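Counting in this note's numbering, the sequence shown runs from 467 upward without gaps. Glycine is no exception: its CB is placed at the ideal position from the N, C-alpha and C atoms. Predicted, not measured: the structure shown is a model, and the values here were computed from it.
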Amino acid sequence: MSADNSTLLDSLFSAPLCDGWSNNTEGAVYHLGNTFLFLGYMGGSGAYGCLFIYGFLTPAFTCLALWGWMTMCGLDVFSWNLLLLLACLAHICHLLFRLHQEGIRSEELTALYQAVYLPLGVPVEVFKEITAAFESKVVELKAGEAYALEGKTPIDQLSFLLSGRINVSLEGQFLHYIHRHQFLDSPEWESLRPSEEGKFQVTLTADEDSRYISWRRRRLYLLMSKNRYIARLFSVMLGYDIAEKLYNLNNKLYIKSGMLLDIRLPSLYHGGPSHSQGPRQSSTGSRSPQHWCSDPELPSGEDSTSLVLEDFADVAGSLMDYGSERDYLRRRRWQEPSTTIPEGQSAAGPHRHAQTVRALSSKRSITDRGAV
Numbered sequence: 467m468s469a470d471n472s473t474l475l476d477s478l479f480s481a482p483l484c485d486g487w488s489n490n491t492e493g494a495v496y497h498l499g500n501t502f503l504f505l506g507y508m509g510g511s512g513a514y515g516c517l518f519i520y521g522f523l524t525p526a527f528t529c530l531a532l533w534g535w536m537t538m539c540g541l542d543v544f545s546w547n548l549l550l551l552l553a554c555l556a557h558i559c560h561l562l563f564r565l566h567q568e569g570i571r572s573e574e575l576t577a578l579y580q581a582v583y584l585p586l587g588v589p590v591e592v593f594k595e596i597t598a599a600f601e602s603k604v605v606e607l608k609a610g611e612a613y614a615l616e617g618k619t620p621i622d623q624l625s626f627l628l629s630g631r632i633n634v635s636l637e638g639q640f641l642h643y644i645h646r647h648q649f650l651d652s653p654e655w656e657s658l659r660p661s662e663e664g665k666f667q668v669t670l671t672a673d674e675d676s677r678y679i680s681w682r683r684r685r686l687y688l689l690m691s692k693n694r695y696i697a698r699l700f701s702v703m704l705g706y707d708i709a710e711k712l713y714n715l716n717n718k719l720y721i722k723s724g725m726l727l728d729i730r731l732p733s734l735y736h737g738g739p740s741h742s743q744g745p746r747q748s749s750t751g752s753r754s755p756q757h758w759c760s761d762p763e764l765p766s767g768e769d770s771t772s773l774v775l776e777d778f779a780d781v782a783g784s785l786m787d788y789g790s791e792r793d794y795l796r797r798r799r800w801q802e803p804s805t806t807i808p809e810g811q812s813a814a815g816p817h818r819h820a821q822t823v824r825a826l827s828s829k830r831s832i833t834d835r836g837a838v
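(1) Please tell me whether LEU615 and THR669 are closer than 8 Å, where the distance is taken between their beta carbons.
(2) Have a look at ARG694, PHE527, LEU689 and flag the residue whose alpha-carbon is nearest the alpha-carbon of PHE848.
(3) Tell me the rounded alpha-carbon separation between ALA599 and SER661.
(4) Which value, in whole angstroms, describes the spacing of the CA atoms of CYS539 and THR491?
(5) Starting from ASN500 and walking both ways along the alpha helix (DSSP H), at which residues does that stretch end?
(6) When you compare each of ILE644, ASN693, GLN667 to ILE708 by their alpha carbons, which one comes out closest?
(7) How long is the line joining the alpha carbons of LEU549 and LEU562, rounded to whole angstroms?
(8) Using a 10 Å radius around the Cβ and a threshold of 16 neighbouring Cβ atoms, would you call ALA779 buried or exposed?
(9) Can you tell which of ALA672, LEU636, GLN623, ASN633 has the C-alpha that lies nearest to the C-alpha of ARG685?
(10) Taking contact to mean at least 3 C-beta pairs separated by less than 8 Å, is the segment 625-639 in contact with the segment 662-681?
(11) To the nearest angstrom, report how far apart LEU532 and GLU568 are at their CA atoms.
(12) Cα separation between ALA697 and ILE558?
(13) The beta strand (DSSP E) that contains GLN639, what's its start and end?
(14) Mind checking whether HIS647 and VAL582 have CB atoms under 8 Å apart?
(15) By DSSP's criteria, LYS665 is part of a beta bridge. Which residues make up the other side?
(16) To the nearest angstrom, report how far apart ALA845 and SER635 are at their CA atoms.
(17) In the DSSP assignment, find the alpha helix (DSSP H) that holds VAL592 and state where it starts and stops.
(18) Tell me, please, which residues DSSP counts as bridged to ILE632.
(19) Are VAL588 and LEU699 close, meaning C-beta to C-beta below 8 Å?
(20) Pick helix, strand or coil for LEU607, following the three-state DSSP scheme.
(21) Enumerate in chain order the residues of its own chain whose CB-to-CB distance from LEU575 is below 7 Å, with the five nearest sequence positions on each side excluded.
(22) Go ahead and label SER680 buried or exposed: buried means 16 or more other beta carbons lie within 10 angstroms of its beta carbon, across all protein chains shown.
(23) My guess is that LEU523 and CYS484 are in contact by the Cβ rule of under 8 Å, so how many angstroms apart are they, rounded?
(24) DSSP puts TYR678 in a beta bridge; with which residues?
(25) Using the C-alpha atoms, what's the distance from GLY617 back to GLU637?
(26) Got a sec? Which residues, its chain only, sit under 8 Å from GLY664 by beta carbon, not counting five neighbours each side?
(27) What are the boundary residues of the alpha helix (DSSP H) that TYR583 is part of?
(28) So LEU565 packs on ALA494, CB below 8 Å; how close in whole Å?
Here's what the structure looks like:
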């Protein structure tokens, strides 16, 4: 055994030097194959990086197999390159199958994932679990068709708008729009506990041809109870959606003085003169108290103003009477009274957070009718 090892070492390190280098070069097929081989090993990691590597190794071993068959006339050279070629083809088929299984088949759902879930860092596997909860079905709503009717449609699902625009109204009065990539009924979803039932307090009508997806209430609750990550994801998305609706309802707060503020905060609504009033009085002059119509009682037993506007009730004047938002907030902080929560009433009931959007909208529609 030692004699064989010494013979091998002698043949490796004591081989005779080449007397002369051949001037003959291999054919173009050989050099083309090595060029593909060089480019193939420049690929990256991941599934698409592997596709890049095997995509170049396949033509490389094809060229080398042809070179071994036609130029070298060596069965061993041809056989090894042919085996490497088949291995590359097998890897490519396996990668394509994995990408097909793990990918999102629908173009609309792919666009939804890239626009909404990918920026949040949601893996594709989790998104597929979410889409499986509504069976990857997209519902179409023609212009003029109603998604929900106030006082009639039960709250038994959660919908997300993919395209189009939805008109939200209360007793025939326009409140606001719901645009693409927004929840249709996030306030209603948050207003009820899993064991409670309720009906819509507003009417949702398609302003144009729209498409949306819907999760059944019980099935989505079951999914969130099993997957804590999905539960937190929906909590963040619903909270952001409700905050976005609140912002849209008050997006005209900071307008120039002398115009009627198109806002949903009744305690700030007198910041500009109405059509039936004269010029705006000076902030230093006498100011008559404003009387507002009270809304019908909400299902939670609270007035809609008390839900979100109680912090502004004791502030004299409006935001327009102060030089800046900082002065206004400082004045509000000085005048903020100490409040106590009545016995038996929680600081934030199950309906309080979710009724904010609808309460603001309801108050605005009532004040508009009173102004007319």
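A quick look at the data gives this:
(1) yes
(2) Outside the modelled stretch of the chain, which goes from 467 to 838, sits residue 848, for which no answer is possible.
(3) 19 Å
(4) 16 Å
(5) 494-506
(6) ILE644
(7) 20 Å
(8) Residue placement at ALA779 is flagged as unreliable, the pLDDT there being 40, under the threshold of 50; the coordinate-derived value follows with that caveat. Classification for ALA779: exposed.
(9) GLN623
(10) yes
(11) 36 Å
(12) 37 Å
(13) 639-644
(14) yes
(15) PRO620
(16) No answer is possible for residue 845: it lies beyond the span of the chain, which begins at 467 and ends at 838.
(17) 590-599
(18) ILE644, ALA672
(19) yes
(20) strand
(21) THR597, SER602
(22) buried
(23) That pair is no contact at about 31 Å.
(24) VAL605, LEU627
(25) 10 Å
(26) PRO620, ILE621, GLU654, SER657, LEU658, PRO765
(27) That residue, TYR583, is in no alpha helix (DSSP H); it is neither H nor E in DSSP.
(28) Rounded, the Cβ-Cβ distance is 34 Å, inconsistent with contact.
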